[in-house]
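Data block below; observations after.
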Amino acid sequence: MKFIDKWERKYGRFGIPNLTVYIIVCYVIGYALTIINPSLLNWLSLEPAYILRGQIWRLVTWVLYPPSTAGVLWFAIAVLFFYYPIGTSLERTIGTFKYTLYIFSGILFTIIGAFILYFLLGGNVLVGSVFSTYYISLSTFLAYAMCYPDMSVLLMFIIPVKMKWMAVFYVVIVAYEMIQYIMAGAWYLVIPIVASLLNFIIFYFGSKDFSRYNPKEVHRRNEFRRAMEPRGRTGSGGGALTKHKCAICGRTELDDPNLEFRFCSRCNGNYEYCQDHLFTHTHVK
2 MKFIDKWERK
12 YGRFGIPNLT
22 VYIIVCYVIG
32 YALTIINPSL
42 LNWLSLEPAY
52 ILRGQIWRLV
62 TWVLYPPSTA
72 GVLWFAIAVL
82 FFYYPIGTSL
92 ERTIGTFKYT
102 LYIFSGILFT
112 IIGAFILYFL
122 LGGNVLVGSV
132 FSTYYISLST
142 FLAYAMCYPD
152 MSVLLMFIIP
162 VKMKWMAVFY
172 VVIVAYEMIQ
182 YIMAGAWYLV
192 IPIVASLLNF
202 IIFYFGSKDF
212 SRYNPKEVHR
222 RNEFRRAMEP
232 RGRTGSGGGA
242 LTKHKCAICG
252 RTELDDPNLE
262 FRFCSRCNGN
272 YEYCQDHLFT
282 HTHVK
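Sequence positions in the sequence shown follow the working numbering and run 2 to 286.
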């Protein structure tokens, strides 16, 4: 989206670095509340009926609801070994400002969806219980899968599955749920799903915005850039020769002296990658 690029140039300083960490902290607080005193969450939910009566804190506090209230072990695995690496990697890939905008637009669309549902049902029904952060977290996963479709993860720590197939699986499940709700006459339950995933629909299907971050596309652009550069590689520090350069993001040791670089033995050719892309890039055959 060109207008988002313009926003980034103008308002990029408002991006929140390490936003994933703050989101996880919210989830941990919410999960702790479900253990200590679940009734407290009733005062934090996204409930338009109460918000219109002056309880405006609910516009913010509902993000404390964790995506899942499964056991402590599964919650820790989901947060630390799945959501955290995906969120931080997506932020590095698309940039802090775009990632911040992506997350906050998902939150905003969910709030708008809650009010739409509230008024569609006559304005006298409590709807807060059907709105949570689950589908916002799912939208983050889908965005990551579009950026790294061929990256493999270990399902149940055993079975290697590519991200694109996991994304397809979740999309099928969500579509099935929506069809079931409609057939059962509970069409209103579709609104929370669509509202929470609207940021992904707009960012990706509306403009293919994430396609530019696909490792194959990034590698193609870097190959073209290297072909057009004069002999000797230059870093962002201005003209000085560099020893290392990532074939995906183009960063050198001048960008960050703490970066580590390695050559990939599975790629055909001498392709060097930084520590963030060594295990996530698509191998060149």
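Glycine included, each C-beta is placed from N, C-alpha and C at the ideal position.
Three-state secondary structure assigned by DSSP to residue i
{"i": "S138", "result": "helix"}
{"i": "T35", "result": "helix"}
{"i": "P161", "result": "strand"}
{"i": "F201", "result": "helix"}
{"i": "Y66", "result": "coil"}
{"i": "T243", "result": "coil"}
{"i": "R54", "result": "coil"}
{"i": "V126", "result": "coil"}
{"i": "F264", "result": "strand"}
{"i": "Y274", "result": "strand"}
{"i": "V169", "result": "helix"}
{"i": "T281", "result": "coil"}
{"i": "I17", "result": "coil"}
C-beta neighbour in chain C for residue i, strict 8 Å
{"i": "T89", "result": "Among the protein chains of the structure shown there is no chain C, as only one such chain exists."}
Residue i versus residue j: straight-line alpha-carbon distance, rounded
{"i": "F120", "j": "T111", "result": "14 Å"}
{"i": "P150", "j": "I104", "result": "20 Å"}
{"i": "G270", "j": "A77", "result": "40 Å"}
{"i": "K244", "j": "E254", "result": "8 Å"}
{"i": "R267", "j": "F280", "result": "11 Å"}
{"i": "C265", "j": "Y182", "result": "48 Å"}
{"i": "D6", "j": "R14", "result": "13 Å"}
{"i": "Y84", "j": "A50", "result": "32 Å"}
{"i": "W8", "j": "P86", "result": "26 Å"}
{"i": "I159", "j": "T283", "result": "21 Å"}
{"i": "V154", "j": "P161", "result": "5 Å"}
Sub-8 Å separation of residue i and residue j beta-carbons
{"i": "G114", "j": "A196", "result": "yes"}
{"i": "T134", "j": "G88", "result": "no"}
{"i": "S140", "j": "L198", "result": "yes"}
{"i": "I194", "j": "V175", "result": "yes"}
{"i": "E48", "j": "L118", "result": "no"}
{"i": "M152", "j": "K163", "result": "yes"}
Residue i classed as buried or exposed, judged by whether at least 16 other C-beta atoms fall within 10 angstroms
{"i": "Y177", "result": "exposed"}
{"i": "S46", "result": "buried"}
{"i": "A248", "result": "buried"}
{"i": "Y136", "result": "buried"}
{"i": "M184", "result": "exposed"}
Between the region 59-66 and the region 24-41, can you find at least three pairs of beta-carbon atoms closer than 8 Å? Counting Cβ pairs under 8 Å, three or more are found: they touch.
Would the region 162-174 count as touching the region 143-153 if we require 3 or more Cβ pairs under 8 Å? Proximity of the region 162-174 to the region 143-153 meets the contact definition, three or more beta-carbon pairs being nearer than 8 Å.
Count the C-beta pairs between the region 95-104 and the region 180-191 that are closer than 8 Å, then say yes if the count reaches three, no if not. By the C-beta criterion, the region 95-104 is judged not to be in contact with the region 180-191, since fewer than 3 inter-stretch pairs fall below 8 Å.
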